[in-house]
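Numbering (the working numbering), first residue to last: 9 to 604.
Take a look at the structure below.
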Amino acid sequence: MSKNRDELKRVPYGLADFIYIREKNRYYVDKTRFIPVIERAGEFLFLVRPRRFGKSLWLAVLACYYDIYRKDQFNTIFKGTYIHHHTTPERNSYLLLRFNFSAVNPALSKVEISFEDHCNTAFYKFGEKYREILDNSYYINMDQKGSCSSKLDFLFNYAQMKGLKVYVMIDEYDNFANTILSQSGKEKYMELTHGEGFFRHFFNVLKVGTTEEGAGVGRLFITGVSPLTMDDVTSCFNIGKNITMGGQFNELMGFTGNEVKEIISYYCENGVMDRDTEYHYEIMNRWYNNYRFSNKSDSKLFNADMVLYYIDSFLISGEMPDNLIDQNAKTDYMKLRHLVITDKEFNGNFGRLKEVIEEKEIYSSINISFPVEKLNYPENFVSLLFFLGLLTINRVEHDESILTIPNEVVKRLYCEYMREGYSDTGKFQVDIHRFRNLMRLMAYEGKWEDVFDLLGNEIKKQTGIRDYLSGEKVITGFFLAWLNITDHYIIQSEAETNKGYTDMLLEPFKATHRGIRFGYLVELKYIKRAEYSEKLKEKKVEEARKQLHSYSGDKRVERIMAGSELKKIILLFSGWEMLHIEEVCESSESNCYEQR
């Protein structure tokens, strides 16, 4: 029996307040089974996860569990969760000191003052919350301290002398540092994290608080999106243990497939979502799934924020979101463009982004620690993409990880990086508004010629792009970057059929564009300029015709088209010139359309 709207659990999209979620009847995916696992892992822990994966909510759960101030609220807050019936001796036995460095203003003229203000606020909250535990000497001495590092040092020494245990939590530890790196450059970032920088000094004090005999810091948990800043401010995080890639923590954040199905089923059974569970699961599976954070675990995770964003749209409007990429997440990731562009020129990392799109996977070790001055080392940059959620572990071969793009959301972010990169460096300029309209006509009216003509002609015309286009996979990767500019199609490169692999399959995405009438198979052929001949060209074209006829009869392709008319296109390049473009007819091996 479905619940009425007042009884229905709301979606906690964008919420990280655990108490609010529990008290206001929000849907909570129980992760409290990991609390005992965390305790066994060690006292001083560091965990990296991609943006919007549930890090802040997890710290809120830990805070409620360990805070002595919340002792009398335990049964109310945790009723119905795993930990409610499996408590540990350390439950509600700590004084909580909590920081969230995403609140720090990253503007260079304000960052130190903002950092001090945020820390002072944390100290104020700490003092007010624990007035019944702290004596007057604490408040008198704290008022006499100047910098937040001095106050932190005093707090730890006070706790040590009084036999108190403090649990320090730092959320988004690298947020403002990453912004400074992306907006102000490496030099300003180094001033912050090296030498006498106030941020580095803060972590030095934190380290002392964890290492002295009878230290006041009983536990420490730090979260962020990469190990980069931690390496710079602490020299390889010698404060404690990095649990980022531990197999037992793979499912700590994000949702498993079963958890996602349970969420969907709840809202389908209560009349919020149309269709059935499998329909929505398949969509989210392609767009939000396949993150794997340890090569010691086979479990793959959904981005929690994306799942909640999708379902929340049904509660608000009764429909799935028009754009399946949460714009908040997209804005976060687009800040990373500095990783591939320096002074309006591509740096060495751009080639690795291209390789990911063109090859679909990349072999690399994952380095869990590296400083900013070594970011351009190939394995370090690939490792950073992994930590940011832009690559994920697909499998392990010969003790080396094979990394791949996790899902449709991230694939489209890569394509946007590529497009923006070409545009920002002046290598390739296209009228975006016009191109979007051409893609719309291609989807609804079958007018595909102008799309490929435009890209082919611009490649030939804009000489800045030529050095980046050599070989079939490279050209295919370039086309993928542009054809993904709209969500009319889910575009698969080297899509598998019973007869082989087609270069590009443009699958109509009818979940959001139900009126799309045309889908496409594209076979791209390439001839090196030095090897070009008319005879070789005809051979390549004939080979493409046969392949397209073979692929189009594949049952999987027929299912994917879902009633849309399939068009089969041949593109032939020699160097940077598109010398042949053709639509292959269904009825015979003669072409319907040709342009030279």
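The beta carbon of each residue, even a glycine, is placed where N, CA and C say it ideally should be.
For Phe395, there is no enclosing beta strand (DSSP E); the residue is part of the alpha helix (DSSP H) that begins and ends at Pro386 to Phe395. By the criterion of at least three beta-carbon pairs nearer than 8 Å, the region 438-451 is in contact with the region 462-470. Per DSSP, the continuous alpha helix (DSSP H) segment holding Tyr318 begins and ends at Ala312 to Ser325.
Unbroken alpha helix (DSSP H) stretches of 4 residues or longer found wholly inside the region 183-207: 183-192 and 194-201, given in chain order. Along the length of the region 106-148, whole alpha helix (DSSP H) runs at least 4 residues long occupy 119-137, reported in chain order.
Looking at the backbone, the Cα of Cys72 and that of Ser391 are separated by about 33 Å. Rounded to the nearest whole angstrom, the C-alpha separation of Gly171 and Leu104 is 15 Å.
Distance between Ile333 and Asp239, taken at the CA atoms: about 32 Å.
With distances taken between CA atoms, Gln256 lies nearest to Ser307 out of Ser307, Val213, Glu204 and Thr237. Spanning the alpha carbons of Glu270 and Gly203 requires a straight line of approximately 50 Å. For Lys563, the enclosing alpha helix (DSSP H) covers residues Lys563 to Met569. If you look at Leu309, you'll find it isn't in any alpha helix (DSSP H); DSSP assigns it neither H nor E. Taking every protein chain shown into account, the CB of Val233 has 16 or more other CB atoms within 10 angstroms, so this residue is buried. By the CB criterion at 8 Å, Asn297 and Asn415 fall inside the cutoff. The Cβ atoms of Asp511 and Glu539 lie no closer than 8 Å to each other.
In the three-state DSSP reduction, Arg227 falls in the strand class (E or B). Taking 4 residues as the shortest admissible run, the region 427-478 contains the following complete alpha helix (DSSP H) segments, listed from N- to C-terminal end: 440-453 and 457-469. Taking the Cα positions, Ser325 is about 44 Å away from Leu383.
With fewer than 16 neighbouring CB atoms inside 10 Å of its own CB, Lys118 falls in the exposed class.
Tyr90 sits away from Asp143, with the two beta carbons spaced by 8 Å or more.
Counting of Cβ neighbours within 10 angstroms places Ile141 among the exposed residues, the total staying below 16. Rounded to whole angstroms, the separation of the alpha carbons of Tyr476 and Lys536 is 14 Å. The shortest C-alpha to C-alpha distance from Met177 to any of His588, Lys196, Met292 and Phe134 is the one to Phe134. Two segments are said to touch when three or more pairs of C-beta atoms, one from each, lie closer than 8 Å; by this definition the region 513-530 touches the region 564-577. Under the three-state reduction of DSSP, Pro44 is assigned to helix. The residues Thr412, Ile413, Ser501 and Glu502, in chain order, have a CB closer than 8 Å to that of Lys368 in the same chain once the five nearest residues on each side in sequence are set aside. At the C-beta level, Gly226 and Lys173 come within 8 Å of one another.
For the set Ile568, Leu16, Lys563 and Val565, the Cα lying nearest the Cα of Met281 is the one of Leu16. The beta carbon of Trp490 sits closer than 8 Å to the beta carbons of Cys423, Arg427, Val438, Phe443 and Leu463 from its chain, once the five residues preceding and following it are set aside; these are given in chain order.
One Cα belongs to Val592, the other to Tyr534, and the distance between them is close to 18 Å. With a cutoff of 8 Å on beta-carbon distance, Phe184 and Pro114 are scored as near each other.
Looking only at Ile27, Asn83 and Asn108, the smallest Cα-Cα distance to Arg99 is reached by Asn83. With 16 or more neighbouring CB atoms inside 10 Å of its own CB, Gln555 falls in the buried class. Taking all protein chains shown into account, Glu381 has fewer than 16 neighbouring C-beta atoms within 10 Å of its C-beta and is therefore exposed. Under the three-state reduction of DSSP, Ala503 is assigned to strand. Taken in chain order, the complete beta strand (DSSP E) segments of 3 or more residues contained in the region 496-548 are 497-505, 508-516 and 526-535.
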